[in-house]
């Protein structure tokens, strides 16, 4: 049985409207809600999710019958299931794109299809959570309204009277006052409690402990990140929601990414974090000196970092006039550093970033190995299944300023690193230019003994099966890379 399934329809490059609550347009035998809730407009997205589950071989003996229960191979009645979409932002920073966030966040039409099969598998028992931790400045209610998640929630809760627990996993949010300056943090109202998970020597950052790097996250104070990562100590403060789950269904929106080159299954799990200060995004300084914030040594860029930190401290203290002034000085230092050295890179937004992928693997390791008390165990503690929304993906200046990449695809895998490796091929990127595919420990942390073991896994695309290493994606699937990775990451 193939470990990766890919269902595609080149004509399915638009999402259905919200008028019919993203219901299927076909009364499939296994459909649990009755013909009252069948859409009167075509919904090819639901069809593709269903076909992807079919191609997986899950519950193959019952396919085409009322008792077909594909996710029953993953979910047991009575379990707690977390659905993890990508709710990153309520605005695309690319002002030329006006697609109701189609290329930015997971579309509710994909989530609707997955949820139906989750409820089938649970058979009226258990608990279903739908949760993510967007960027700190995201207005999550506005995002729900724009994309149609409010309609999805209403369908299950008001029409079907199903329990669906919806969470914003962030500790707090902020609001932009001007470009680069934000309000003091406001606590999130419905976020579950958090737990601190210690990974220490299991962290991929442990490889750099001897260099004592100074980690940084944009809009967070450096000292707050150092509280979680210093010397040989590495910890993450994550929401309890994913930790108490028995099964996690990851529904990412694959895109290009300014820090990581690409974001898909692995990077989407950054959204389980409660306190985002615990997430190393970059190491301070230039590449030659052991940092990865920018490429070349520069006194002006050192000052850029200094005033960036001063701006963050002022913003979080409510000193907005000072923050505005520091922001202007910081930007002037950046421009001077760029002009003098020719190095345009900053904030780790370039192909030399060797930090964010380590953070992402650490969080996926936590998902797999942390028990319900947040203690790392040798054995895998929960199942993680990825079913990605690739009807329209995001290319170019991702993750928050992409332009659309219509694909008409739904892809599924039961291993997140395996999923990302297949996504790398689809994007047309060179695996040797993405650090997590070049580090043996990444494979071990994600359940593989070696890279070769992963490369020999099978992929099923619309019924045609091949080894991943022999998979030939269509030429028209290739993505435009992020501008700071362009000319480096492509095959």
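In UniProt numbering, the protein residues as written are 1 to 491.
We put the beta carbon where it would ideally sit given N, CA and C, even for glycine.
Treat the numbers as computed from the prediction; the structure is a model and nothing was measured.
- In the stretch 372-442, which residue ranges form an unbroken beta strand (DSSP E) of at least 3 residues, counting only runs that do not cross its ends? Correct list: 383-397, 401-413.
- Beta-carbon spacing of residue 476, residue 428 below 8 Å: Not closer than 8 Å, so no.
- For residue 282, which option in 177, 316, 354 has the closest C-alpha, if you only look at C-alpha atoms? It is 354 whose Cα lies nearest to the Cα of residue 282.
- Task: Return the Cβ separation of residue 316 and residue 235 in integer angstroms, given the expectation that the two are a contact with Cβ distance under 8 Å.
- Result: Not really, about 21 Å apart at Cβ, beyond 8 Å.
- Query: What are the boundary residues of the beta strand (DSSP E) that includes residue 167?
  - Reply: Segment 165-168, the beta strand (DSSP E) holding residue 167.
- Could you say if the stretch 120-138 and the stretch 78-88 meet the contact criterion of at least three C-beta pairs nearer than 8 Å? Yes: the two stretches touch, three or more of their Cβ pairs being nearer than 8 Å.
- Please determine, among 276, 255, 394, the residue with the shortest C-alpha to C-alpha distance to residue 225. In terms of CA proximity to residue 225, 276 leads the group 276, 255, 394.
- If you run the structure through DSSP and keep just helix, strand and coil, what is residue 358? Residue 358: helix per DSSP, three-state reduction.
- Query: Quick one: is residue 487 buried, meaning 16 or more other Cβ sit within 10 Å of its Cβ, or exposed?
  - Reply: Exposed, since its Cβ has fewer than 16 Cβ neighbours within 10 Å.
- Thinking just about the alpha-carbon of each residue, which of 334, 36, 387 is nearest to the one in residue 265? Measuring from the Cα of residue 265, the nearest candidate turns out to be 387.
- Item | Given residue 467 as reference, the closest of 418, 456, 473, 461 once Cα atoms are compared | Ranking the options by Cα distance to residue 467, first place goes to 456.
- Item | Which of helix, strand or coil DSSP assigns to residue 461 | Shown here, residue 461 sits in a strand according to DSSP, grouped into three states.
- Query: Secondary structure at residue 187, three-state DSSP: helix, strand or coil?
  - Reply: In the structure shown, residue 187 adopts extended strand secondary structure according to DSSP, grouped into three states.
- Span of the beta strand (DSSP E), counted from its first residue to its last, around residue 233: 233-239 is the extent of the beta strand (DSSP E) around residue 233.
- Item | Where residue 260 sits in the DSSP three-state scheme | It is coil, neither helix nor strand.
- Name the one or two DSSP bridge partners that residue 467 has. The beta-bridge partner set that DSSP reports for residue 467 consists of 458.
- Reduced DSSP category for residue 82 - H, G, I as helix; E, B as strand; rest coil: It is a strand residue.
- Query: How many angstroms separate the CA atom of residue 13 from the CA atom of residue 474?
  - Reply: If I take the Cα positions, the gap works out to 16 Å.
- Task: Take every Cβ of the stretch 318-325, pair it with every Cβ of the stretch 243-262, and state whether three or more of those distances are shorter than 8 Å.
- Result: Touching, no, given that fewer than three Cβ pairs across the two stretches are closer than 8 Å.
- Task: Output yes or no for whether 8 Å exceeds the beta carbon distance between residue 446 and residue 407.
- Result: Contact check for residue 446 against residue 407 fails: the beta carbons are separated by 8 Å or more.
- Task: Could you have a look at residue 6 and say whether DSSP puts it in helix, strand or coil?
- Result: Correct three-state label for residue 6: strand.
- Decide if residue 205 is buried, meaning its Cβ has at least 16 other Cβ atoms within 10 Å, or exposed. Buried is the call here.
- Given a threshold of 16 other Cβ atoms within 10 Å of its Cβ, counted over all protein chains shown, does residue 89 qualify as buried or as exposed? Burial is judged here by how many other beta carbons sit within 10 angstroms of a residue's own beta carbon; residue 89 has at least 16 and is buried.
- Give me the Cα-Cα distance between residue 164 and residue 248, rounded to the nearest whole angstrom. Taking C-alpha positions only, residue 164 is separated from residue 248 by approximately 15 Å.
- Query: According to the Cβ coordinates, are residue 154 and residue 192 closer than 8 Å?
  - Reply: For residue 154 and residue 192, no; Cβs fall outside 8 Å.
- Message: Taking 8 Å as the limit between beta carbons, can you name the residues of its chain near residue 483, skipping five residues before and five after?
- Response: The beta carbon of residue 483 sits closer than 8 Å to those of 396, 397, all from its chain and outside the five residues before and after it, given in chain order.
- Message: I'd like to check one pair, residue 392 with residue 103: are the Cβ atoms closer than 8 Å?
- Response: With a cutoff of 8 Å on beta-carbon distance, residue 103 and residue 392 are scored as near each other.
- Query: So what's residue 446 in DSSP terms, helix, strand or just coil?
  - Reply: Three-state result, residue 446: coil.
- Item | Spatial distance of residue 324 from residue 363 (CA atoms) | Put simply, the backbone Cα of residue 324 is about 34 Å away from that of residue 363.
- Item | Alpha carbon of residue 433 to alpha carbon of residue 440, nearest angstrom | Each residue's Cα considered, the two are about 15 Å apart.
- Under three-state DSSP, which class holds residue 128? Collapsing the DSSP output to three states places residue 128 in a strand.
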